[in-house]
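Count the sequence shown with the working numbering and you get residues 1 to 127, in order.
Yeah, the Cβ is synthetic: ideal placement off N, Cα and C, and Gly gets one too.
This structure is a prediction, so every number in the text was calculated from the model and none was measured.
To keep things clear, I will list the structure first and then write my remarks on it.
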Amino acid sequence: MKRFQVFIAAFAVCAVQTFAAQPLAAPLSPNHNFGNIAEKGGRVSCEFKVVNTGDKPLVFISATAACGCTKPKVPKQPVAPGDTAVVVVSYDPYGRPGEFNKTVTVKTNAKPSKLKLRITGTVIPGK
1 MKRFQVFIAA FAVCAVQTFA AQPLAAPLSP NHNFGNIAEK GGRVSCEFKV
51 VNTGDKPLVF ISATAACGCT KPKVPKQPVA PGDTAVVVVS YDPYGRPGEF
101 NKTVTVKTNA KPSKLKLRIT GTVIPGK
């Protein structure tokens, strides 16, 4: 009986360590405000820095935006624990005067698996 209890205790410790060993994605700032941008000025971009605060490599699986005016680009290589990655988000203001508020959803292998990044600003028409 005592061996069985030792086995269960050892199994529980291993299970907890395996579960705890995972990547963690922490954006330094999940929001970016472009301020005023010219409608005819072309696409604008910003960078979101994401730190892997976990103890396993962080892998970016996908990034999606709600519309075609916003395009995210995620790193293709895994991010080592403690390292920083850059997610680039661009926005096309042409034909979209006024305020905008767009969200990009980034999927990773971390728990939780989804990051929400937000861009905002105001498109000045005709400039």
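Practice item. Between the Cα of R96 and those of P57, C67, A26, spot the shortest distance and give me the residue it belongs to. Key: Looking at the Cα atoms, C67 is the closest of the given residues.
Review point. How should S113 be labelled, buried or exposed, when 16 other C-beta atoms within 10 angstroms of its C-beta is the threshold for buried?
Key: By the neighbour-count rule (16 or more Cβ atoms within 10 Å), S113 is not buried but exposed.
**Study point:** Three-state secondary structure assigned by DSSP to K49
**Key:** Of the three classes helix, strand and coil, the one that applies to K49 here is strand, per DSSP.
**Study point:** Whole-Å CB distance - G126 paired with N33, under 8 Å assumed
**Key:** In this structure, G126 and N33 do not form a Cβ contact; the two beta carbons are roughly 22 Å apart against a cut-off of 8 Å.
Point to revise | Closest residue to E39 among G82, C69, V79, V104 (Cα-Cα distance) | key: Closest in alpha carbon position to E39, among G82, C69, V79, V104, is C69.
Exercise for review: Work out the CA separation of S29 and T108 for me, nearest whole Å.
Suggested key: T108 and S29: Cα-Cα distance of roughly 17 Å.
Practice item. Round the Cβ separation of V75 and A85 to the nearest angstrom and send it over; I've been treating them as touching at under 8 Å. Key: According to the sequence provided, residue 75 is Pro. The question's Val does not apply to it. Going by Cβ atoms, the distance from P75 to A85 rounds to 5 Å, so yes, they are a contact pair.
Review point. Using DSSP with H/G/I as helix, E/B as strand and the rest coil, what is G121?
Key: In this structure, G121 counts as strand in the three-state DSSP scheme.
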